[in-house]
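Numbering of the sequence shown is given in our numbering, commencing with residue 605 and proceeding in unit increments. Built from N, CA and C at the ideal position, the CB exists for glycine as well.
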Amino acid sequence: MENIKDLIEKKVFETPFIDTHEHLIDESERLDCIEPIIPCDDWALLLNHYFGFDLISAGISKEKFDKLFSKQLNSFDKWQILKEYWPFLKNTASGLVFRNTTKILYGIDEISEDNINELQHRYEKTRKKGFYKYIIQDIANIKHCHVHSPIIACKKSESPELLHLDIALNGLIQVVVKPYSVPENVKINSLSDWHSLIDWWFSEYNQIAKGVKIGNAYSRRLDFERVEANEVEKIFIRKISLQTISPGEEKKLQDHLFWYCVDKATEYGLPVKIHTGQWAMNNVMNMHWVKDNPSDCASLCKQAPNAKFVFFHLCYPHYEEMLSLAKSYSNAYIDMCWSWSINPLAAKDFLKKFILTVPNNKIFTFGGDDKIVENVIGHAFVARKGIAQALTELVAENWITISDALDLVDHLMYKNTEKIFDKSKV
605 MENIKDLIEK KVFETPFIDT HEHLIDESER LDCIEPIIPC DDWALLLNHY
655 FGFDLISAGI SKEKFDKLFS KQLNSFDKWQ ILKEYWPFLK NTASGLVFRN
705 TTKILYGIDE ISEDNINELQ HRYEKTRKKG FYKYIIQDIA NIKHCHVHSP
755 IIACKKSESP ELLHLDIALN GLIQVVVKPY SVPENVKINS LSDWHSLIDW
805 WFSEYNQIAK GVKIGNAYSR RLDFERVEAN EVEKIFIRKI SLQTISPGEE
855 KKLQDHLFWY CVDKATEYGL PVKIHTGQWA MNNVMNMHWV KDNPSDCASL
905 CKQAPNAKFV FFHLCYPHYE EMLSLAKSYS NAYIDMCWSW SINPLAAKDF
955 LKKFILTVPN NKIFTFGGDD KIVENVIGHA FVARKGIAQA LTELVAENWI
1005 TISDALDLVD HLMYKNTEKI FDKSKV
């Protein structure tokens, strides 16, 4: 049994990932410490995403939280804040991501006040021109990353061989009239103008985009219905005129624009990536909406059989329903991005069940979903560990052979992604 474990683990850790979802800014922007994405430039920055949400969940005060991620405190003083909460969080998935990042990248097994200044020194030594490629390809063994920019709907990356941007559609669906979605010199006076704006984003970026990303599940259910343009024209005019519209009218307008965007993505052959499940924020998640995500996703698949829908995050915690969805609908794909850092045991369980339930060409097993490039190392380590465990357990439980398991690895880690996301556009 140990030999089987070693064989599978060796194969998984030697095989490169294609990372299907990150929120990375360009390297030059990171080195310039652009705010608010990069609030500080020290080792604490590595905690300023999912670990930060867990800190809030653990009860840290806003004052301490803000100090931890400020530019005012030195490394030692930041540790004095963190050490109170570190025992509560070090074994969470976000804690394991951080610990494995510091171990692999900086050679520090366990942080403490005795080595916190050395951690800062190694952070500074690593953070220099060229460190994105070093971290992503050389250390994390990732071919390239799909990126949802936290700054703009889409743009040309400084490192197109490394970072491939998706077209982010949230603002275009919600009618966010600001530079995030509207190019300079474009005037919006009608719904037709807004359609033309959407057309412009697709025309401008379809050749470099890997897909489109829709994250509107943070603000509503995914029960998008097809609504004709003439039903929402007047609503749109009132919206851009900053007049009040009712929740029902807002839904109708978003429904119309959602399907306009999905149909446009399908026209260009771009998969539609959709957030489902767990929210990455504190004290706001609508569990009723989350519970409805799987059935709403099934409706989307039914309404657009020619679209390729890629559903993110296993719809955690409702991942059993997503197995049924992917098994039933030929245009439903599952992306495990972020799931290893939400609940790695659930992710491992899901992958085992997926392999025995759904055609295995319909799953993509890794995306860190992070804004800090160093953390990609820890995310990838946790994911590789989970993938190796899932395959080893399937062999040990006599569901598949060792040969089956080894044959699956390349497909799970990068080949499925290459095929569905059209590598000719790289």
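Cβ neighbours of I755 within its own chain (closer than 6 Å, five residues either side excluded): none. Boundaries for A994: no beta strand (DSSP E) harbours it, while the alpha helix (DSSP H) harbouring it runs 979 to 1000, taken from the DSSP string. Spatial neighbours of L677 in its own chain (CB-CB distance under 7 Å, excluding positions within 5 residues in sequence) are listed in chain order as K671.
DSSP lists no beta-bridge partner residue for V786.
In terms of CA proximity to A987, N745 leads the group N745, I608, K737, L649.
When DSSP states are grouped into helix, strand and coil, L769 belongs to the strand group. With 16 or more other CB atoms across the displayed protein chains lying within 10 angstroms of its CB, M926 is buried. When the alpha-carbon of Q811 is set against those of H799, I849, P764, the nearest one is in P764. Beta-bridge pairing by DSSP links C749 to D623, L767. In this structure the stretch 606 to 626 does not touch the stretch 683 to 698; the number of beta carbon pairs closer than 8 Å is below three. Residue pairing by DSSP places D939 opposite F916, F968 in a beta bridge. Secondary structure at K817: strand, using DSSP grouped into helix, strand and coil. Here F840 has V779, S794, L795, W798, L857 as same chain residues with Cβ atoms under 8 Å from its own Cβ, once five neighbours each way along the sequence are excluded. Proximity to S753 across F655, G982, G775 peaks at G775, based on C-alpha coordinates. For K877, the enclosing beta strand (DSSP E) starts and ends at 876 to 878.
Assigned with DSSP and collapsed to three states, S796 falls in helix.
H627 sits close to K975, with the two beta carbons spaced by under 8 Å. Positions of the beta strand (DSSP E) runs, each at least 3 residues long and wholly inside the stretch 668 to 748, cannot be given because no such run exists. With the rule of 3 Cβ pairs closer than 8 Å, the stretch 990 to 997 does not count as touching the stretch 764 to 773. Per DSSP, the unbroken alpha helix (DSSP H) holding K952 starts and ends at 948 to 961. The Cβ-Cβ distance between N886 and F657 falls below 8 Å. In the three-state reduction of the DSSP assignment, W1003 falls in the coil class, being assigned neither a helical nor a strand state.
Inclusion of T969 and M940 in the CB contact set at 8 Å is warranted, their separation being smaller than that value. Under the 8 Å Cβ criterion, the stretch 1005 to 1021 does not count as touching the stretch 976 to 984, having fewer than three qualifying pairs. In the structure shown, Y1018 falls within a helical segment according to DSSP collapsed to helix, strand and coil. With respect to A951, L918 sits close: the two C-beta atoms are nearer than 8 Å.
Here P963 is exposed, its C-beta having fewer than 16 other C-beta atoms within 10 Å.
In this structure, the straight-line span from the alpha carbon of V790 to that of S761 is close to 23 Å.
Burial state of D1026 is exposed, judged by a 10 Å Cβ sphere holding fewer than 16 other Cβ atoms.
Going by DSSP, T870 is part of the alpha helix (DSSP H) stretching over 851 to 871. In this structure, C749 is the residue among P787, E853, I849, C749 with its C-alpha nearest to the C-alpha of K814. With respect to N719, I708 sits apart: the two C-beta atoms are not nearer than 8 Å.
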